[in-house]
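Participant: In this text, residue positions in the sequence shown follow the working numbering: the first is 87, and each later residue adds one. Glycine included, every Cβ here is placed at the ideal spot set by N, Cα and C. Bear in mind that the values here come from a model prediction, so they are computed numbers and not experimental data.
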Amino acid sequence: MSATLERQPTAPAVPIAQPAEIGRFVWWCFATLILFCAIYFHSKTDPGIRFAVKHSGLTNYGPSWWTQQKFGQFTPGDVAVIAFAYVGLIERLRSGRMAISSRMAWLLGLGTTAVLMGIAAGIYHETQSPFGDWRDLAVGVLYAFALWSTVLRTDRDCLRFAQIFVGILTVYGAWQLVQYASGGGEIAFYGRTTVGDHATLEFMVAAVGVSMAMLRTHRTRFLWMAGIAVGTAVVVLAFRRYAWVELMTVFAAFILFSGVNRRRYLVSIAGLAAVCLITVGLTWSSLDWGGRLASLDPTQTRAENVYATTNQGHINDILDGFDEVKAHPIAGLGVGVLYQPRRTAQWKGQAGMVHNAPVEVWIKFGLLGLGVFVAVYVILFRDIWRRRNRGRICDLLAFGGGAFLLGNAVVIGSVYSWPFGAPEKAILIFTLIAMAYPPGWRASPVRPAANES
């Protein structure tokens, strides 16, 4: 009797990852790298650096390599974003996802027209930089397009990217706090601070807003709590008034506009308030909090309060901008054109930036540009208001990111320049917009986020 041993069929090898999964992993790495570089590398010399240049003879300073023009007119940051957008375009062509909403088409069309008119006006007024005033805006738009085309396709993707966003800023902020606690940080005329870079502080405020909203999800709660604590502490100790206003606007937005979800945000609201009080209490004897807070009064002058040194200068800068608007009310001066101010020439020289975003946009892009600029903010805030009681991840991110955008709108609408004067700020704003508007955001179901699993 013979027995025949039958060989069992070999099970097919289980692939570690499909090609599509590997591709998405590469996209996530690319998106994260660009975001990290926007947070870590600075394109502007902040007040601490300027103070060091003036008082210590510092010579090794200036824009980081990431924002220097290494490839003709393009920076490494520009090249990275353009390459990422190209990958996104190829993916859209491959998958056939080329449709856009009529609203997006109108905004892109009108925005492009406003930019072209600004370039034409600038050329007419003999501009030396026809691409300078809108290139960072274009970088932000391309980054959002790339995110939508590659990594941000579902609500779960938005959650993961929000975790990456807050995680990077929490680690970076904690490092700054450790340096400050050990006697480091930056030195400005108002004392020793954590950091003075404008974009970095706005990233921190945005991380606080996102963390406050995402704490509702009961997912990675420690990360969101750390984001609130670290971001708030860094901003409070930075001693920058515009960042304080943005942070307090975020705080107020969660109290006033959260509607039926206010009780769900009580932990976030209480956490932000507690960190503010603790931070101020621990440094009350070493920092002149009373003087700096009093300088928020725009009528105060340097003679009355040393911390109000820039108040009158900013007001005069806005008045000089209004003079140019009156002289060129329809088309403006155009992009890249400098003008000679009457009130601020002594400390500013030729001017191209105005400490008021609407006035600056009006000068650079004319009435059409101003109209598009205001319309975009109106549309954003209308959408966020309508979605404030919804429960999907993208809706929470819209509310958290929208709280920051509201604070930013308050600041740029009063005494701050338009938000696309630096590439890192453009990356910040369009990252928040991309996370709030993934494909299918209009179909968000009304359900509590806490019940999601």
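#1: For Gln214, count neighbouring Cβ atoms within 10 angstroms of its own Cβ and tell me buried if that reaches 16, exposed if not.
#2: Say whether the stretch 261–274 touches the stretch 456–463, bearing in mind that this needs 3 or more beta-carbon pairs closer than 8 Å, one atom from each stretch.
#3: Could you check if Asp383 is buried or exposed, using at least 16 other CB atoms within 10 Å of its CB as the buried criterion?
#4: Is the separation between the beta-carbon of Ile550 and that of Val421 shorter than 9 Å?
#5: DSSP state of Ala389, grouped into three classes?
#6: Take Ile416 and list the residues in its own chain whose beta-carbon comes closer than 7 Å to its own, dropping the five residues that flank it on each side.
#7: Look up Ile355 in the DSSP assignment and say whether it is helix, strand or coil.
#8: In angstroms with no decimal places, state the Cα-to-Cα distance between Thr161 and Arg349.
#9: Report yes or no: do three or more beta-carbon pairs, one from the stretch 522–529 and one from the stretch 473–485, lie closer than 8 Å?
#10: Taking the CB atoms as reference points, tell me whether Asp222 and Lys450 lie closer together than 9 Å.
#11: In whole angstroms, what is the alpha-carbon distance linking Tyr210 and Tyr425?
#12: Is there a Cβ of chain C sitting closer than 9 Å to that of Tyr351, yes or no?
#13: By the 10 Å Cβ neighbour count, where 16 or more other Cβ atoms means buried, how is Tyr172 classified, buried or exposed?
#14: If you draw a straight line from the C-alpha of Met203 to the C-alpha of Pro444, how long is it?
#15: For the alpha helix (DSSP H) holding Gly197, just list the boundary residues, first then last.
#16: Using the DSSP secondary-structure output, state which residues sit across from Tyr425 in a beta bridge.
#17: To the nearest angstrom, how far is it from the Cα of Val281 to the Cα of Ser354?
#18: Between the alpha carbons of Leu121 and Ala461, how many angstroms are there, rounded?
#19: Between His441 and Asp283, is the Cβ-Cβ spacing less than 9 Å?
#20: Leaving aside the five residues before and after Met311 along the sequence, list all residues of the same chain whose C-beta is less than 8 Å from its C-beta, in chain order.
#21: Do Thr279 and Tyr258 have their CB atoms nearer than 9 Å?
#22: At what residues does the beta strand (DSSP E) containing Gly277 begin and finish?
#23: My assumption, with CB atoms under 8 Å, is that Ala380 sits in contact with Asn397. Please give the rounded CB distance.
#24: Figure out for me which residue from Ser500, Phe217, Ala166 and Arg189 has the closest Cα to the Cα of Ile465.
#25: Around the C-beta of Arg468, are 16 or more other C-beta atoms found within 10 angstroms, so that it is buried, or is it exposed?
#26: If you run the structure through DSSP and keep just helix, strand and coil, what is Ala489?
#27: Taking the Cβ atom as the reference point for each residue, do Ala293 and Val252 lie within a distance shorter than 9 Å?
#28: Quick one, are the C-beta atoms of Phe116 and Phe170 less than 9 Å apart?
#29: What separation, rounded to the nearest whole angstrom, lies between the Cα atoms of Phe337 and Gly218?
#30: If you draw a straight line from the alpha carbon of Leu179 to that of Thr236, how long is it in whole angstroms?
#31: To the nearest angstrom, report how far apart Ala431 and Leu419 are at their CA atoms.
#32: Specify whether the stretch 476–488 and the stretch 360–379 touch according to this definition: at least 3 beta carbon pairs, one from each stretch, less than 8 Å apart.
#33: Rounded to whole angstroms, what is the Cα-Cα separation between Glu538 and Gly313?
Facilitator: Taking the definition as stated:
#1: exposed
#2: no
#3: exposed
#4: Because the chain in this structure spans residues 87 to 539, residue 550 falls outside the shown range and cannot be described.
#5: coil
#6: Gly452 and Leu453
#7: helix
#8: 46 Å
#9: yes
#10: no
#11: 14 Å
#12: Here chain C cannot be found, since the structure has a single protein chain.
#13: exposed
#14: 17 Å
#15: Ser188 to Tyr210
#16: Ala437
#17: 24 Å
#18: 27 Å
#19: no
#20: Ser297, Leu301 and Gly357
#21: no
#22: Gly277 to Thr279
#23: About 11 Å separates the two Cβ atoms, so there is no contact after all.
#24: Arg189
#25: exposed
#26: helix
#27: yes
#28: yes
#29: 35 Å
#30: 12 Å
#31: 18 Å
#32: no
#33: Residue confidence is low: Glu538 scores 44 on pLDDT, short of 50, so the model does not pin down where it sits. Its coordinate-derived value is still stated next. Cα to Cα, Glu538 sits roughly 21 Å from Gly313.
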